[in-house]
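K.L.:
A single structure is presented below for examination.
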Amino acid sequence: MPGIVIVGAQWGDEGKGKVVDLLAKQADAIVRFQGGNNAGHTIVRDGETWKFHLIPSGILYPGLTCIIGNGVVVDPGVLLGEIDGLRRNGVDVSGLKISANAHLIMPYHIALDHSGEAKLGKLEIGTTKRGIGPCYADKAARLGIRVQDMLDEKILKQKIMAALVPKQLMLRPFERDPEWAPKLDLQQMTEDLLAYGHRLEQHIADTGTLAWRSLEDGKLVVFEGAQATLLDIDHGTYPFVTSSNPTAGAACTGSGVGPRAIDEVWGIAKAYCTRVGAGPFPTELHDETGERMRSAGHEFGTTTGRPRRCGWFDAVALRYAVRINTMTALAITKLDVLTGFDRIKVATRYRSAEEEDSTTFDTFPYHQTVLHHAVGEYEELPGWTEDLTECRTWADLPDAAREYLAYLAEVCGAPVVLAGVGPGREQIVWSDDAAQATAYAPATAA
Ligand code: IMP
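Read the sequence shown against numbering that gives the first Met the number 0 and you will find it ends at 445, with the numbers running on by one and no gaps.
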């Protein structure tokens, strides 16, 4: 059963969409398995830029089944906006299937995401304020509204009423706010959801069965993660994380297939590191080198437009991500952004930022206090000055860039199968030995 999982190996925004887009050519189905419209994927195709938040980017391939799995949280208004946008641009969206069991982000989830962050003050997580956390909280509390509920007026109203009861106190300030009050009105919410349900009905399906059929037929299914390993609610830098599991194990629970359906796991990592929102970031640069990475890499959030924090490649965190996901391969994106840096640094160990503490460690610390004080200890590699954006084969890369990638593979403990050298879908190079590491490299990469 050929199933490949694509996960972010760092703190998100690694360019997973581009790699999924690349594999989509060979796939029968693509499944998003967690997260919601907190994610943002940008695909550049024939000079045209496409931005996706919920719909798998594979939708641009005619005939491909694009699944929003049960593990995703869906804001139906945002989803319909994306569908309408695609239709306006002549894209056939009939391959889009939405799990009947996926949970809906309700207006009160968005309100609570705003007030929750405001109350945390200095401890703010820096969420995308899209209602993700409160929606997953309701799912766990068994107070969630699911996609299938939009098709049944009676059940829908009852469930919304039940979900509102424990939130009354927290929602009171919003009910007095003229902007929020209409959105939080029970009747209005019910009517809006029924209208959304009517429009989405043709896409609602038993998506676990659809994925299973493709796998049973021996066809490739790509499981597309959103966010990334270090934002995982269990394995990331809690509490500065998202509210789902963006790691490989969740590909199964979030889509309704078993672990034996997965034969490869690829981690996607930038050639350096970025993070949006708060939380520990041991290799963060607060100087002009970080500033340079931000402007060269256009490091501003796709969803919120916030400037991303930037830093050197963190091999300690990457080794952890390789292990947590049992990664079979790494794809390194945005290599071109490092052109012109004299020396390139890679953190291979951490040490404490506290002067009196001289311990160093080469595994990712589980203890939050240790992690919050950790800073990188670096190896330095020579940089390159050549523009990489026209490179299309491994041999086209300058020696120093090839050496950098080989070094990353060695210190992370996973083979690098490809590198991204620009935003365009054709701007990638497969490594010479990619065909040994994956069944999905083109034959010419061997
Ligand atoms: P939430 O997912 O909106 O609850 O935000 C929780 C944390 O995850 C915040 O630090 C966000 O900035 C971060 N986050 C959520 N989605 C993404 C993403 O797609 N890329 C990078 N960071 C993200």
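Positions of the beta carbon are idealized from the N, C-alpha and C atoms, including for glycine.
Does the segment 328-335 come close enough to the segment 417-427 that 3 or more CB-CB pairs lie under 8 Å?
P.N.:
They touch, by the three-pair rule.
K.L.:
Closest by CA to Ala26, which one among Val6, Thr358, Leu59 and Asp45?
P.N.:
On the sequence shown, residue 26 is found 27 positions in, with the first residue counted as 1. Residue Leu59 is the option with its Cα nearest to Ala26.
K.L.:
Under 8 Å between the Cβ atoms of Arg348 and Thr359?
P.N.:
In the sequence shown, the residue the question calls residue 348 occupies position 349. In the sequence shown, the residue the question calls residue 359 occupies position 360. Cβ distance < 8 Å, so Arg348 and Thr359 count as in contact.
K.L.:
What does a CB cutoff of less than 7 Å around Thr236 pick up in its chain, not counting 5 residues either side in sequence?
P.N.:
What you label residue 236 is simply residue 237 of the sequence shown in a count that begins at 1. Within the same chain, Thr236 has close Cβ partners Leu229, Gly278, Pro279 and Leu370.
K.L.:
Are the segment 264-284 and the segment 310-318 touching, with three or more C-beta to C-beta distances below 8 Å?
P.N.:
At 8 Å Cβ cutoff, the stretches touch.
K.L.:
When you compare each of Leu209, Gly62 and Trp179 to Met105 by their alpha carbons, which one comes out closest?
P.N.:
Along the sequence shown, read from residue 1 onward, the residue named residue 105 stands at position 106. Per the Cα distances, Trp179.
K.L.:
Give a yes or no on whether the C-beta atoms belonging to Ala23 and Thr64 are separated by under 8 Å.
P.N.:
Taking the sequence shown and counting its residues from 1, one reaches residue 23 at position 24. Taking the sequence shown and counting its residues from 1, one reaches residue 64 at position 65. No.
K.L.:
Give, in chain order, every unbroken run of the alpha helix (DSSP H) that is at least 4 residues long and sits entirely within the segment 192-229.
P.N.:
The segment 192-229 contains these whole alpha helix (DSSP H) runs: 206-215.
K.L.:
Under the rule that 16 or more other beta-carbon atoms within 10 Å means buried, what is Lys96, buried or exposed?
P.N.:
Taking the first residue of the sequence shown as 1, we reach residue 96 at position 97. Lys96 is buried by the Cβ-count criterion.
K.L.:
Rounding to the nearest angstrom, what Cα-Cα distance links Arg87 and Glu81 in this structure?
P.N.:
The sequence position of residue 87 within the sequence shown is 88, counting from 1. The sequence position of residue 81 within the sequence shown is 82, counting from 1. Spanning the two alpha carbons is a distance of roughly 10 Å.
K.L.:
Measuring CA to CA, which of Gly35, Arg308 and Asp216 is closest to Lys128?
P.N.:
For this step, residue 128 is matched to residue 129 along the sequence shown. It is Gly35.
K.L.:
Could you give the uninterrupted runs of the beta strand (DSSP E) lying entirely in the segment 294-334, keeping only those of 3 residues or more?
P.N.:
You should have 308-310 and 328-332.
K.L.:
Suppose you measure from the CA of Gly143 to the CA of Ser294; what does that come to, to the nearest Å?
P.N.:
The residue labelled residue 143 in the question sits at position 144 within the sequence shown. The residue labelled residue 294 in the question sits at position 295 within the sequence shown. Gly143 and Ser294: Cα-Cα distance of roughly 41 Å.
K.L.:
Since Cys390 is in the alpha helix (DSSP H), which residue starts that stretch and which ends it?
P.N.:
Taking the sequence shown and counting its residues from 1, one reaches residue 390 at position 391. Here Cys390 belongs to no alpha helix (DSSP H), and DSSP marks it neither H nor E.
K.L.:
Would you list the one or two residues that DSSP bridges to Arg446?
P.N.:
Outside the displayed range of the chain (0 to 445) lies residue 446, so it cannot be described from this structure.
K.L.:
For ligand 1, any of its heavy atoms closer than 7 Å to the Cβ of Trp10?
P.N.:
As a working mapping, residue 10 is identified with position 11 in the sequence shown. True, at least one ligand heavy atom lies under 7 Å from that Cβ.
K.L.:
Between the Cα of Thr302 and the Cα atoms of Gln426, Glu47, Pro1 and Val77, which residue gives the shortest distance?
P.N.:
Here residue 302 refers to the residue found at position 303 when the sequence shown is read from its first residue. The shortest Cα separation from Thr302 among Gln426, Glu47, Pro1 and Val77 belongs to Val77.
K.L.:
Which runs of the beta strand (DSSP E) fall wholly inside the segment 2-76 and span at least 3 residues, in chain order?
P.N.:
You should have 2-7, 26-31, 40-44, 47-51 and 64-67.
K.L.:
Quick check: Trp393 and Ser430, are their CB atoms within less than 8 Å of each other?
P.N.:
In the sequence shown, counting from the first residue as 1, residue 393 sits at position 394. In the sequence shown, counting from the first residue as 1, residue 430 sits at position 431. Contact: yes.
K.L.:
From the DSSP output, in three-state form, read off Ala436 for me.
P.N.:
As a working mapping, residue 436 is identified with position 437 in the sequence shown. In this structure, Ala436 counts as helix in the three-state DSSP scheme.
K.L.:
Following a CB-centred definition, is Leu370 positioned closer than 7 Å to any heavy atom of ligand 1?
P.N.:
Within the sequence shown, residue 370 is the residue found at index 371, counting from 1. No.
K.L.:
Between the alpha carbons of Asp12 and Asp148, how many angstroms are there, rounded?
P.N.:
As a working note, residue 12 is residue 13 in the sequence shown. As a working note, residue 148 is residue 149 in the sequence shown. Taking the straight line joining both Cα atoms gives about 32 Å.
K.L.:
What are the partner residues of Val428, as DSSP defines its beta bridges?
P.N.:
In the sequence shown, residue 428 corresponds to position 429, counting from 1. Looking at the DSSP assignment, Val428 forms a beta bridge with Ala418.
K.L.:
Which class does Lys128 belong to by DSSP, given the choice of helix, strand or coil?
P.N.:
Sequence index remark: in the sequence shown, residue 128 carries index 129 (1-based). Note: Lys128 maps to coil in three-state DSSP.
K.L.:
Alpha carbon to alpha carbon, what distance is there between Leu79 and Gly89?
P.N.:
Taking the sequence shown and counting its residues from 1, one reaches residue 89 at position 90. Taking the sequence shown and counting its residues from 1, one reaches residue 79 at position 80. Looking at the two C-alpha atoms, the distance is approximately 15 Å.
K.L.:
Could you name the residues that DSSP lists as bridge partners for Cys272?
P.N.:
Here residue 272 refers to the residue found at position 273 of the sequence shown. Per DSSP, Gly310.
K.L.:
If you draw a straight line from the C-alpha of Pro306 to the C-alpha of His297, how long is it?
P.N.:
For this step, residue 306 is matched to residue 307 along the sequence shown. For this step, residue 297 is matched to residue 298 along the sequence shown. Computed Cα separation, rounded: 9 Å.
K.L.:
Using the DSSP secondary-structure output, state which residues sit across from Arg350 in a beta bridge.
P.N.:
If you number the sequence shown from 1, residue 350 lands on position 351. Paired residue(s): Thr359 and Val374.
K.L.:
How about the segment 247-260 and the segment 199-215: do they share at least three Cβ pairs that are nearer than 8 Å?
P.N.:
Contact between the segment 247-260 and the segment 199-215 is present, because at least three Cβ pairs lie under 8 Å.
K.L.:
Does ligand 1 have even one heavy atom less than 7 Å from the beta-carbon of Arg129?
P.N.:
Counting from one through the sequence shown, the residue named residue 129 turns up at place 130. Yes.
K.L.:
Relative to the alpha-carbon of Met292, which residue among Cys309, Thr325, Ala101 and Gly304 has its alpha-carbon at the smallest distance?
P.N.:
Start at 1 with the first residue of the sequence shown, and residue 292 comes out as number 293. Ranking the options by Cα distance to Met292, first place goes to Cys309.
K.L.:
So, for Ala247: in the same chain, excluding its five sequence neighbours on each side, which residues have a beta-carbon less than 6 Å away from its beta-carbon?
P.N.:
The residue given as residue 247 occupies position 248 in the sequence shown. So the list reads Val4, Val6, Val264 and Asn324, once near-sequence residues are dropped.
K.L.:
Out of curiosity, what's the CA-to-CA distance linking Ala445 and Gly94?
P.N.:
Residue 445 sits at position 446 when you count from the first residue of the sequence shown. Residue 94 sits at position 95 when you count from the first residue of the sequence shown. Here Ala445 scores only 47 on pLDDT, less than 50, and its place in the model should not be relied on; the value that follows carries that caveat. The alpha-carbon atoms of Ala445 and Gly94 are separated by roughly 33 Å.
K.L.:
Express the C-alpha separation of Asp286 and Glu223 in angstroms, rounding to a whole number.
P.N.:
The residue you call residue 223 lines up with position 224 of the sequence shown. The residue you call residue 286 lines up with position 287 of the sequence shown. Each residue's Cα considered, the two are about 34 Å apart.
K.L.:
Helix, strand or coil: which one does DSSP assign to Ile104?
P.N.:
Here residue 104 is taken as the residue at index 105 of the sequence shown, counted from 1. In the structure shown, Ile104 sits in coil (DSSP, three-state: anything other than H, G, I, E or B).
K.L.:
What separation, rounded to the nearest whole angstrom, lies between the Cα atoms of Leu183 and Pro1?
P.N.:
Counted from its first residue, the sequence shown places residue 183 at position 184. Counted from its first residue, the sequence shown places residue 1 at position 2. Roughly 44 Å separates the two Cα atoms.
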